[in-house]
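Here the structure comes first, spelled out in structure tokens, and everything after it is commentary.
In the numbering used here, the protein residues as written are 984 to 1158.
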């Protein structure tokens, strides 16, 4: 449901991307009680893009999130999400990134310049299911539970993971 885009001008290793994607997924799914299967994270290298900040060419790292907004999600929720994302970036990427070439004289700026959260997902479909309204995940899971279980029984791995997660986290209440 949400789409996180990590825009990075520094080179990130596969393990850093894996760890950051896992952290973002855990943060969002826990914060908003969203099944992990529906948290999307993309990495977009920007080192070859001409980027401007304040009208001047500059390179920086950013996280942009497209999320579902609604009355159940407050500015305090978004600020907490932002803080958790910043903490994850700092602990996973942090300072002290190794130089890529011996000739590099400057340490790359590994800081995260911005986190922008856009509540612009008005609707859509993912994995064949229409997206629920923000805060409506529990009812949505209940309405689609039989279809999720059927797809898991047919061997679709991500739906098997979804069914186990919903049961393990008690996301249905009665299951």
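Think of the CB as a built atom: it goes at the ideal place given N, C-alpha and C, for glycine as much as any other residue.
All values reported here derive from a predicted model rather than from experimental measurement.
Three-way DSSP call (helix, strand, coil) for residue i in this model
| i | result |
| --- | --- |
| residue 1127 | helix |
| residue 1114 | coil |
| residue 1020 | helix |
| residue 1090 | coil |
| residue 1027 | strand |
Boundaries (first-last residue) of the alpha helix (DSSP H) holding residue i
| i | result |
| --- | --- |
| residue 1137 | Where residue 1137 is concerned, there is no enclosing alpha helix (DSSP H), given that its DSSP letter is neither H nor E. |
| residue 1097 | Taken as a continuous stretch (DSSP letters only), residue 1097 belongs to no alpha helix (DSSP H), being part of the beta strand (DSSP E) at 1095–1101. |
| residue 1008 | 997–1015 |
Candidates the options: closest to residue i by CA position
| i | options | result |
| --- | --- | --- |
| residue 1056 | 1100, 1122, 991 | 1100 |
| residue 1021 | 1137, 1043, 1066, 1012 | 1012 |
| residue 1046 | 1156, 1023, 1155, 1037 | 1023 |
| residue 989 | 1018, 1069, 1051 | 1069 |
Element boundaries [beta strand (DSSP E), containing residue i]
| i | result |
| --- | --- |
| residue 986 | 986–991 |
Review point. Which parts of the segment 1029–1076 are runs of the beta strand (DSSP E), unbroken and 3 residues or longer, counting only runs that do not cross its ends?
Key: Taking 3 residues as the minimum length, the beta strand (DSSP E) runs contained wholly in the segment 1029–1076 are 1044–1049, in order along the chain.
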